[in-house]
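Only one structure is covered here, and it is reproduced in the block below.
Numbering (my numbering), first residue to last: 598 to 848.
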């Protein structure tokens, strides 16, 4: 604000920020083994790298947190962020591996694990509250997702990134239109050992195997098809043909 010396009136600048694009528009499969500076901003230093087509964040023996934020802001409204977590910090004391989407440092939704339990956490006005916890399974909880629909935040997990289970919900306690995505780890006490958490496929769904056959090779593919009776069918003219007989039968 500024004061006009003659009139005494104060002049104010009003900043109006439009909602950010849906967070589903932020995606990274980490396959190029090079951290994308246009998408991610690493913080707290340390070893945060892309290797073996994954994102790897290594802990330190000191009590410390390290991770990265999205460089741009995104909206969770009507959208979702999800990630594959092949490995979480294990074998350490007071450790955590987590994903977080935050309006600011005091308001956020988080899925985290200490390697023993999987937690749904909310932070509102600086106060963090554990909403729900379930026993952690590296197989069952390989994928994590935070999404919003109809004013409710959903905390979800999946073994395959296709079929999701909701393990907690939360009525949105803060605006969701301008948020930052975060992938991170941390330890609250010193450890003699270190470990590396692995993240993969941020907002990149798994490939679904497809079953197809165009019959163009004019030879029945026995790795795909099992005839009920040998000779019932044939591939001819780049098509598959099943001939009936004069007797009542199924082919």
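For every residue, glycine included, the Cβ atom is placed at its ideal position computed from N, Cα and C.
Between the Cα of residue 640 and those of 673, 788, 681 and 662, spot the shortest distance and give me the residue it belongs to.
Closest option to residue 640, Cα to Cα, is 662.
How long is the line joining the alpha carbons of residue 861 and residue 679, rounded to whole angstroms?
It is not possible to answer for residue 861, since the shown part of the chain is limited to 598 through 848.
Beta strand (DSSP E) containing residue 720: first to last residue?
Bounds of the beta strand (DSSP E) holding residue 720 are 714–721.
Kindly list the residues whose CB is nearer than 8 Å to the CB of residue 745, restricted to its own chain and excluding five residues on each side of it in sequence; keep chain order.
The answer, listed in chain order, is 673, 674, 675, 676, 677, 751, 769 and 773.
Once the 5 residues before and after residue 650 are set aside, which same chain residues still bring their CB inside 7 Å of it?
627, 628 and 630
In terms of residue numbering, what span does the beta strand (DSSP E) encompassing residue 733 cover?
Careful: residue 733 lies outside any beta strand (DSSP E) and carries neither H nor E.
Could you tell me whether the Cβ atoms of residue 647 and residue 632 are closer together than 7 Å?
yes
Figure out for me which residue from 711, 719, 699 and 748 has the closest Cα to the Cα of residue 734.
If you compare the alpha carbons of 711, 719, 699 and 748 with that of residue 734, the shortest gap goes to 711.
How should residue 719 be labelled, buried or exposed, when 16 other C-beta atoms within 10 angstroms of its C-beta is the threshold for buried?
Its Cβ being crowded by 16 or more others within 10 Å, residue 719 is buried.
Does the separation of the CB atoms of residue 813 and residue 835 fall below 7 Å?
yes
Determine the direct distance from the alpha carbon of residue 668 to that of residue 810, and round the result to whole angstroms.
44 Å
Hey, out of 792, 698, 682 and 844, whose CA is closest to residue 757's CA?
682
Measuring alpha carbon to alpha carbon, tell me which of 687, 724, 685 and 821 ends up nearest residue 701.
724
Excluding the 5 residues preceding and the 5 following residue 765 in the sequence, name in chain order all residues of the same chain whose CB lies nearer than 7 Å to its CB.
717, 728, 729 and 752
List the DSSP bridge partners of residue 677.
744
Could you compute how far the alpha carbon of residue 794 sits from the alpha carbon of residue 644?
11 Å
Output needed for residue 771: all residues of its chain with C-beta closer than 8 Å, excluding positions within five of it in sequence on either side, in chain order.
The answer, listed in chain order, is 700, 704 and 721.
Runs of 3 residues minimum, wholly inside the region 632–714: which ones carry the beta strand (DSSP E) assignment?
Listed in chain order, they are 637–640, 645–648, 651–655, 662–667, 677–684, 692–701 and 704–710.
What do you get for residue 709, buried or exposed, if any count of 16 or more other CB atoms within 10 angstroms of its CB means buried?
buried
Is residue 725 helix, strand or coil when you go by DSSP?
strand
What does a CB cutoff of less than 8 Å around residue 832 pick up in its chain, not counting 5 residues either side in sequence?
812, 814, 815, 816, 817 and 838
Helix, strand or coil for residue 783 per DSSP?
strand
If contacts are defined as beta-carbon pairs under 8 Å, then residue 743 and residue 698 qualify, I think. What distance do you get, rounded to the angstrom?
6 Å
Check each candidate in 805, 689 and 671 and name the one with the smallest Cα separation from residue 759.
Comparing Cα-Cα distances from residue 759 to each of 805, 689 and 671, the minimum goes to 805.
Assign residue 825 to buried or exposed, taking buried as 16 or more other Cβ atoms, counted over all protein chains shown, within 10 Å of its Cβ.
Counting Cβ neighbours within 10 Å, residue 825 comes out exposed, since fewer than 16 surround it.
Determine whether the beta carbon atoms of residue 738 and residue 715 lie at a separation below 7 Å.
yes
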